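> If you use the UniProt record's numbering, the sequence shown corresponds to residues 1 to 155, in order.
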Amino acid sequence: MGSQSDWATMSHTSETLEKLGIAHECKVVSAHRTPDLLFDYAQSAEQRGLQVIIAGAGGAAHLPGMCAAKTHLPVLGVPVQSSMLSGVDSLLSIVQMPAGIPTGTLAIGKAGAINAALMAASILSLSEESIAQALKAFRAQQTETVLANPIPGNT
Ligand code: RP5
């Protein structure tokens, strides 16, 4: 994520990955404040064994795009809700990549943070059966929870 202040959002990604039993690391790497660190991180990601990068950032959110420019690994961008423009700035900064360097772009805020983890799980499940099973179990549990919780007063 681009800042410590993104953790309130990106902690939902980490929690979801934990629920699915997916090993991951959480780091602050700022495209603007620590650009050299960003280059090192993205360039060395594959060699270090990372398979998917989830990059959350807000405002002028260049982190996912710059990350994607420095690695061929899949990069999933989470637009963090900004205080001034409610995350629309973050969303547009991440989603409108030029042809040739894609970033998978999720929804603004908590929903995007959770879905980034689930999307990463889908990608990893193509080559890891245990993750496929965990993802199916998560989805089944989610369905059961919805079905078991009818609208209050309409039981
Ligand atoms: C972005 O600037 C970060 O991703 C964060 O969402 C936003 C604000 O950062 P702070 O000023 O709170 O550190 O780079």
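Every residue, glycine too, gets a C-beta built ideally from N, C-alpha and C. Remember, predicted model here, so these are calculated numbers, not experimental data.
Tell me which residue opens and which closes the alpha helix (DSSP H) that Pro64 is part of.
For the purposes of this step, residue 64 is taken as the residue at position 64 of the sequence shown. Taken as a continuous stretch (DSSP letters only), the alpha helix (DSSP H) holding Pro64 covers Leu63 to Ala69.
> Looking at the unbroken beta strand (DSSP E) that takes in Pro79, where does it start and where does it end?
Position 79 of the sequence shown, counted from the start, is the residue given in the question as residue 79. Note, Pro79: beta strand (DSSP E), Val75 to Val80.
> Let me check you understand the geometry: is the CB of His32 closer than 7 Å to at least one non-hydrogen atom of the ligand RP5?
Position 32 of the sequence shown, counting from 1, holds the residue named residue 32. Yes, the beta carbon of His32 sits closer than 7 Å to at least one heavy atom of the ligand RP5.
> So, are the CB atoms of Val78 and Thr103 less than 8 Å apart?
Here residue 78 refers to the residue found at position 78 when the sequence shown is read from its first residue. Here residue 103 refers to the residue found at position 103 when the sequence shown is read from its first residue. No, Cβ-Cβ distance for Val78 and Thr103 is not below 8 Å.
> For Met84, count neighbouring Cβ atoms within 10 angstroms of its own Cβ and tell me buried if that reaches 16, exposed if not.
One-based indexing of the sequence shown puts residue 84 at position 84. Exposed, because fewer than 16 other Cβ atoms sit within 10 Å of the Cβ of Met84.
> Below 7 Å, is the gap between the Cβ of Met1 and the nearest heavy atom of the ligand RP5?
Walking along the sequence shown from the start, residue 1 turns up at place 1. Because some heavy atom of the ligand RP5 lies under 7 Å away, the Cβ of Met1 counts as near it: yes.
> Less than 8 Å between the CB atoms is what I'm expecting for Val29 and Leu38, so what's the real figure, rounded?
Taking the sequence shown and counting its residues from 1, one reaches residue 29 at position 29. Taking the sequence shown and counting its residues from 1, one reaches residue 38 at position 38. With 8 Å as the limit, Val29 and Leu38 qualify as a contact, their Cβ atoms being about 5 Å apart.
> Taking the C-alpha atoms as reference points, what is the distance between Ser127 and Gln133?
Translated into positions along the sequence shown, residue 127 becomes position 127. Translated into positions along the sequence shown, residue 133 becomes position 133. One C-alpha to the other measures close to 12 Å.
> Quick one, are the C-beta atoms of Thr71 and Gln43 less than 8 Å apart?
On the sequence shown, residue 71 is found 71 positions in, with the first residue counted as 1. On the sequence shown, residue 43 is found 43 positions in, with the first residue counted as 1. In this structure, Gln43 lies closer than 8 Å to Thr71 by Cβ.
> Could you tell me the boundaries of the alpha helix (DSSP H) in which Gly112 lies?
Within the sequence shown, the letter at position 112 stands for residue 112. From DSSP, the alpha helix (DSSP H) with Gly112 extends over Lys110 to Ser125.
> Using 8 Å as the limit for Cβ to Cβ distance, is Leu106 near chain C?
No chain C appears in this structure, which consists of one protein chain only.
> Which residue from Ala99, Gly59 and Asn149 puts its Cα closest to that of Asp6?
Here residue 6 refers to the residue found at position 6 when the sequence shown is read from its first residue. Minimum Cα distance to Asp6 is reached at Gly59.
> Using the rule of at least 16 other Cβ atoms within 10 Å of the residue's Cβ for burial, across every protein chain shown, is Cys26 buried or exposed?
In the sequence shown, residue 26 corresponds to position 26, counting from 1. Classification for Cys26: exposed.
> Under 7 Å: does the beta carbon of Val80 sit that close to some heavy atom of the ligand RP5?
Residue numbering aside, residue 80 sits at position 80 when the sequence shown is read from its first letter. Because some heavy atom of the ligand RP5 lies under 7 Å away, the Cβ of Val80 counts as near it: yes.
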